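Engineer:
In UniProt numbering, the protein residues as written are 1 to 356.
Spelled out as structure tokens, the structure:
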């Protein structure tokens, strides 16, 4: 059983005192859970009178790479992202070799626990949640951030029955090496040239790179994430665009929401799993009614070849063919990606060119 009397506290670290100094008071039954690199507590922020989740990471327990590469990325990513379907980071501070993230508190926990308890979800509800996730991931990708660890555990459910993406510990930022303010210049590049230059490892070195930095930073080779949600190119540790790996993970999430199972056996060896992914060796349970449009959408997201897999922007804009075009009133507009009611200034065509 985990409580507040931790070893670190007995060695001089007093969690309650540290939080009080920062304007927080630990709530009753404060311990919420333990993650890959830290623990999560519940605390009341005195000034706002709002309960928040406090994620604590002990930097001394992190590997060199995690501490100096992935942790700074998580901090940058979370501070940069503000979207209605991304868990909000309210406060961030460091003390006594520990990093503290004060975030929104998810009253209903994560989707993995919810699905395990409640079983398969209706297509209508899964559709609603998937649109929310697609909206959030599109916003992230427009900020040149790939999550790289999208899974049910990292999607939190709130009291209003909406979902939000959390945990940016494996995110990749500044992928293309230039800011969104230079997007206008991309119109000078043909759609096909941009696609080849950005997403085809085979033709990467032969493409015109006038407006793109020809560097390894454009692609990822990191084996990261959770095996059940990993795209084939990630499992094989091949150079790949991390944006497309996020799209694959969304396909796994959609399948799991509807069936309460994973499409591919993650307990199998990587070779067996790759063979299953390549041959689309998954079946929708006959006892569960899933529309043809929904099956088509999942099939598209789980396209083995990342060059043929749709981008998140294509998933969001191809509402005539894909099934996650579910809307809330006027929110299903072309550019509504910022979560604050604003409209993105880039038209659909340009968005598709940006990360196609």
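The C-beta atom is built at its ideal place from N, Cα and C for all residues, glycine as well. As the structure is a computational prediction, the values presented were derived from the model and not from experiment.
Helix or strand or just coil, what does DSSP make of residue 38?
Structural biologist: Looking at residue 38 - three-state DSSP - the assignment turns out to be strand.
Engineer: Leaving out five residues on either side along the sequence, give the residues of the same chain with a beta carbon under 6 Å from the beta carbon of residue 253.
Structural biologist: none
Engineer: Return the first residue and the last residue of the alpha helix (DSSP H) that residue 102 is part of.
Structural biologist: No alpha helix (DSSP H) contains residue 102, which is instead part of the beta strand (DSSP E) from 98-104.
Engineer: Just list the residues that DSSP pairs residue 58 with in beta bridges.
Structural biologist: 98
Engineer: Within the chosen definition, does the region 95-102 reach the region 113-121 through at least 3 CB pairs nearer than 8 Å?
Structural biologist: no
Engineer: Using DSSP bridges, identify the partner residues of residue 145.
Structural biologist: 173
Engineer: Rounded to whole angstroms, what's the CA-CA distance from residue 79 to residue 92? Just pull it up for me.
Structural biologist: 9 Å
Engineer: Determine the extent of the alpha helix (DSSP H) in which residue 163 is found, giving its start and end residues.
Structural biologist: Per DSSP, residue 163 belongs to no alpha helix (DSSP H); it is in the beta strand (DSSP E), 163-165.
Engineer: Is residue 155 helix, strand or coil by DSSP?
Structural biologist: strand
Engineer: From what residue to what residue does the alpha helix (DSSP H) around residue 249 run?
Structural biologist: 242-259
Engineer: Distance check for residue 230 and residue 270, CA to CA, integer angstroms please.
Structural biologist: 10 Å
Engineer: Per DSSP, which residues does residue 33 bridge with? Please list them.
Structural biologist: 40
Engineer: What do you reckon, are the CB atoms on residue 247 and residue 309 nearer than 8 Å?
Structural biologist: Yes; because the gap between Cβ atoms is below 8 Å, this pair is in contact.
Engineer: Residue 19 and residue 54 - do their beta-carbons sit closer together than 8 Å?
Structural biologist: yes
Engineer: Per DSSP, what kind of secondary structure is residue 236 in: helix, strand or coil?
Structural biologist: coil
Engineer: Using 8 Å as the threshold, is the C-beta distance between residue 44 and residue 31 below it?
Structural biologist: no
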